[in-house]
Amino acid sequence: MSWLLALPFLLPILAALLTFLTRGKPCLARTLSVASCGLLLLTTLSIFALVETNGILAAQMGGWPAPFGITLVADRLSAVMLLVAAVVGLTVALFALSDIDAHHEQLGFYSYYQLLLAGVCGSFVTGDLFNLYVWFEVMLIASFALLVLGGERIQLDGGIKYVAMNLVSTLLMLTAIALLYGLTGTLNMAQLHLAVAGIDNPLAENLLAVLFICAFGIKAAIFPLFFWLPASYHAPPVAVTAVFAGLLTKVGVYALIRTFTLIFPAGDNLAHDILLAAALLTMFTGVLGAAAHYEFRKILAFHIVSQIGFLVLGLALYSPLALAGAVFYMVHNIVAKTNLFLISGTAQRLTGSFELAQIGGLYRASPLLAALFFIAAFSLAGFPPLSGFWAKFLLVKASLDQAAYWVAAVALVTGALTLFSMSKIWAEAFWKDHPQNACTGLATLTSADRIQRLSPVVALALITLVLGLVPQPFIEFSMAAADQLLDTGDYLEAVLTPPTN
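If you want it as structure tokens, here you go:
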């Protein structure tokens, strides 16, 4: 079983090496990148099916028993995160065939892209905090390289802000890990669940919890630690921004969910109060930033921040329904947000700008692109019956069930402002006439460009439609994933029970 759980990060690492060696042959490098993402999708599908059939999977690398060796674990949450990461990886890799120019290819785009996917997948399957830190650093190195690849001034400016805040996150995470190891003598997450429960020091426990909130909160871009994201996500090529938007902050949210359901599980302590306040402020400040901007990517970047608030809200409410809402929302948001950035890239290719005042006429130039934007954008806003509606419905219902009426009110107001922002893009970019009547439509794209740009967008839009029109199976899956997070018995048994010969 260890080889199967290791494949999600071994495949991209191998692909990163091969694409680096073949970067002088761009056609071969492109083929290797797409093929690796296809294999990653098949691998994660297999893991997802096995978790659904056999329950939680765990493996000890090198045969060392937990908690002494490197543990790999896949439960429902990590299995679905691996699967959706593979979907995003493949769709963005296809889009990159048209979006990434020869100069970026020569500089090693495909190698860094695969290394980023390795860091993301490694974070989802690791079973100990130290290796979570290692995979976070892999992601940081790869994402910084992708952010500044090409060396343009705007990229370097965004990259400095990005790496500075993430280095702060790294220092906080290392400090928290060291203190936790000093208190418990272990970094295995399953063993930490038992060890932390035996600590009779509420002050130390709360301090550690706050340190982890700050460390992972920077990665997730929660309030007030999010300013690096809108300052940097508009700088790189669209393919890079799309995979960043879909996956990077979600790894931070995943780490928060894993930490505060497994290691610090109590739902009524200081940490969860902080998470609730941060979630509401993240939702509201993010959507206000989106409402104030008129640049396509900056609007979407602020919406990343706002939507992270909904995810953290599910954790802060800490009920089965709330956590199920967070799981559903995570998958919906990864798909919709990635798709919106891909659509913004095609809109810029057709009109020559990301500024809403300088583009327009896209509805007449490309009705298909307009329809795809409508699906992704109004799903993000929670428009029924698209996937975002069901995700927000679960979270609002969880709030009402706990009589947290003001929490539900903030969520609903945020949804209304999200709809306003998406309507602004629709009216400016798609509905109004182009200011210079210069939008020539998809006829300016080659047949290969149309396939490479629109097929990933169509695939992601179809996933959004399926999640929205047939939500019941995935709501049931999300409830089962939430039950696993709250009832840690199966996780502990899978990790800590020695395998039988």
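The opening position of the sequence shown corresponds to residue 9 in our numbering, with each subsequent residue numbered one higher.
The beta-carbon is built from N, C-alpha and C at its ideal position, and this holds for glycine as well.
From a predicted model like this one, the values you see are computed outputs, not experimental measurements.
> Given a threshold of 16 other Cβ atoms within 10 Å of its Cβ, counted over all protein chains shown, does Leu29 qualify as buried or as exposed?
Replying inline: Walking along the sequence shown from the start, residue 29 turns up at place 21. The residue in question, Leu29, is exposed, as its Cβ has fewer than 16 Cβ neighbours within 10 Å.
> Does the beta-carbon of His112 have 16 or more other beta-carbons within 10 angstroms, so that it is buried, or is it exposed?
Replying inline: Counting from 1 along the sequence shown, the entry for residue 112 is found at position 104. Buried, by the Cβ-count rule.
>> I need the straight-line Cα distance from Ile282 to Thr290, nearest angstrom please.
In response: Here the question's residue 282 lines up with position 274 in the sequence shown. Here the question's residue 290 lines up with position 282 in the sequence shown. About 12 Å.
> What's the call for Pro393, buried or exposed, on a 16-neighbour Cβ count within 10 Å?
Replying inline: Along the sequence shown, one-based indexing puts residue 393 at 385. So Pro393 counts as exposed.
> Between the C-alpha atoms of Phe428 and Ala299, what's the straight-line distance to the nearest angstrom?
Replying inline: The residue labelled residue 428 in the question sits at position 420 within the sequence shown. The residue labelled residue 299 in the question sits at position 291 within the sequence shown. The alpha-carbon atoms of Phe428 and Ala299 are separated by roughly 7 Å.
>> By the three-class DSSP mapping on this structure, what secondary structure does Thr51 have?
In response: Residue 51 sits at position 43 when you count from the first residue of the sequence shown. Thr51 falls in the helix class under three-state DSSP.
> With respect to the beta strand (DSSP E) encompassing Gln68, which residues constitute its N-terminal and C-terminal limits?
Replying inline: As a working note, residue 68 is residue 60 in the sequence shown. Run containing Gln68: Leu65 to Met69, per the beta strand (DSSP E) assignment.
> Which residues in the same chain as His311 place their Cβ atom closer than 6 Å to its Cβ, once the five residues preceding and following it in sequence are excluded?
Replying inline: As a working note, residue 311 is residue 303 in the sequence shown. These residues qualify, in order along the chain: Ala298.
>> If I follow the unbroken beta strand (DSSP E) through Val218, where does it start and stop?
In response: On the sequence shown, position 210 is the one that residue 218 refers to. Here Val218 belongs to no beta strand (DSSP E); instead the alpha helix (DSSP H) covers Pro210 to Ala228.
>> Suppose the cutoff is 8 Å on Cβ atoms and the five residues either side in sequence are ignored; what does the same chain contact list for Leu284 look like?
In response: The residue given as residue 284 occupies position 276 in the sequence shown. These residues qualify, in order along the chain: Leu321, Ala324, Leu325 and Val415.
>> So, does the segment 25–39 touch the segment 112–129, judging by three or more C-beta pairs under 8 Å?
In response: yes
> Over what stretch of residues does the beta strand (DSSP E) that includes Ile3 continue unbroken?
Replying inline: The structure shown does not extend to residue 3, since the chain is modelled only from 9 through 509, so no value can be given for it.
> Going by Cα to Cα distance, which pick from Val88, Leu377, Arg38 and Ser395 is closest to Thr51?
Replying inline: By one-based count along the sequence shown, residue 51 stands at place 43. For Thr51, the nearest C-alpha among the options comes from Val88.
> For Tyr241, which option in Ala67, Phe318 and Thr257 has the closest C-alpha, if you only look at C-alpha atoms?
Replying inline: One-based indexing of the sequence shown puts residue 241 at position 233. Of the candidates Ala67, Phe318 and Thr257, the one whose C-alpha sits nearest the C-alpha of Tyr241 is Thr257.
> By how many angstroms is the C-alpha of Thr192 removed from the C-alpha of His201?
Replying inline: For the purposes of this step, residue 201 is identified with residue 193 of the sequence shown, where counting begins at 1. For the purposes of this step, residue 192 is identified with residue 184 of the sequence shown, where counting begins at 1. Taking the straight line from one Cα to the other gives about 10 Å.
>> For the segment 377–392 against the segment 419–435, do three or more pairs of beta-carbon atoms, one drawn from each stretch, fall closer than 8 Å, so that the two count as touching?
In response: yes
> Which runs of the alpha helix (DSSP H) fall wholly inside the segment 76–152 and span at least 4 residues, in chain order?
Replying inline: 84–107, 110–114 and 117–133
>> Pull the bridge partners of Thr363 from the DSSP assignment, please.
In response: Within the sequence shown, numbered from 1, the residue matching residue 363 stands at position 355. The amino acid at residue 363 is misidentified as Thr; the sequence shows Glu. Per DSSP, Glu303.
> What's the call for Leu376, buried or exposed, on a 16-neighbour Cβ count within 10 Å?
Replying inline: Reading the sequence shown from its first residue, position 368 is the one you call residue 376. Label assigned to Leu376: exposed.
> Any chance the segment 91–99 sits against the segment 248–264, with 3 or more Cβ pairs inside 8 Å?
Replying inline: yes
>> Taking the alpha-carbon of Leu296 as reference, which of Pro238, Asn347, Ala203 and Ala104 has the nearest alpha-carbon?
In response: Residue 296 sits at position 288 when you count from the first residue of the sequence shown. Ranking the options by Cα distance to Leu296, first place goes to Pro238.
>> Which residue marks the beginning of the alpha helix (DSSP H) containing Lys7, and which one marks its end?
In response: This structure gives no information on residue 7, because the portion of the chain shown stretches from 9 to 509.
> Does the pairing of the segment 41–55 with the segment 471–486 give three or more beta-carbon distances under 8 Å?
Replying inline: Contact between the segment 41–55 and the segment 471–486 is absent, because fewer than three Cβ pairs lie under 8 Å.
> According to the neighbour-count rule (16 or more other Cβ atoms, all chains shown, within 10 Å of its Cβ), is Asp83 buried or exposed?
Replying inline: Against the sequence shown, residue 83 aligns to sequence position 75. Asp83 should be labelled buried.
>> For the alpha helix (DSSP H) containing Tyr413, name the first residue and the last one.
In response: Locating residue 413 in the sequence shown gives position 405, counting from the first residue. It spans Tyr413 to Ile433 - the alpha helix (DSSP H) in which Tyr413 sits, taken as one unbroken run.
> Using the C-alpha atoms, what's the distance from Ala355 back to Thr448?
Replying inline: Reading the sequence shown from its first residue, position 440 is the one you call residue 448. Reading the sequence shown from its first residue, position 347 is the one you call residue 355. Legend: pLDDT at Thr448 = 46, less than 50; position of this residue unreliable, no value from coordinates given.
>> Counting C-beta neighbours from all protein chains within 10 Å, is the total for Leu175 16 or more, i.e. buried, or is it exposed?
In response: Taking the first residue of the sequence shown as position 1, residue 175 is located at position 167. Exposed, because fewer than 16 other Cβ atoms sit within 10 Å of the Cβ of Leu175.
>> Considering only DSSP beta bridges, list what Asn196 is partnered with.
In response: The residue you call residue 196 lines up with position 188 of the sequence shown. Answer is Asp136, bridged to Asn196.
> Where do the N-terminal and C-terminal ends of the alpha helix (DSSP H) with Asp498 fall, by residue?
Replying inline: Here residue 498 refers to the residue found at position 490 of the sequence shown. First-last of the alpha helix (DSSP H) with Asp498: Gly497 to Leu504.
> Below 8 Å between beta carbons: does that hold for Leu329 and Ala406?
Replying inline: Stepping through the sequence shown from its first residue, residue 329 is reached at position 321. Stepping through the sequence shown from its first residue, residue 406 is reached at position 398. Contact: yes.
> Do Met147 and Val259 come within 8 Å of each other at the CB atom, strictly closer than that value?
Replying inline: Indexing the sequence shown from 1 puts residue 259 at position 251. Indexing the sequence shown from 1 puts residue 147 at position 139. Yes.
> From this set, Ile351, Gly360 and Leu358, which residue's C-alpha is nearest Phe381's C-alpha?
Replying inline: Position 373 of the sequence shown holds residue 381. When each option's Cα is compared against that of Phe381, the closest is Ile351.
>> Between which residues of its own chain and Cys222 is the CB-CB distance below 6 Å, once the five residues before and five after are set aside?
In response: Position 214 of the sequence shown, counting from 1, holds the residue named residue 222. Answer for Cys222: Leu180, listed in chain order.
> Just how far apart, CA to CA, sit Ala66 and Ala435?
Replying inline: Mapped onto the sequence shown, residue 66 falls at position 58. Mapped onto the sequence shown, residue 435 falls at position 427. Straight-line Cα distance between these residues: approximately 50 Å.
>> Using a Cβ-Cβ cutoff of less than 6 Å, which residues in the same chain neighbour Ile168 once the five nearest sequence positions on both sides are dropped?
In response: Here the question's residue 168 lines up with position 160 in the sequence shown. Excluding sequence neighbours, Ile168 sits near nothing in its chain.
> Buried or exposed: which applies to Thr505, given that a residue is buried once 16 or more other Cβ atoms fall within 10 Å of its Cβ?
Replying inline: As a position in the sequence shown, residue 505 is number 497, starting the count at 1. Exposed: under 16 other Cβ atoms inside 10 Å.
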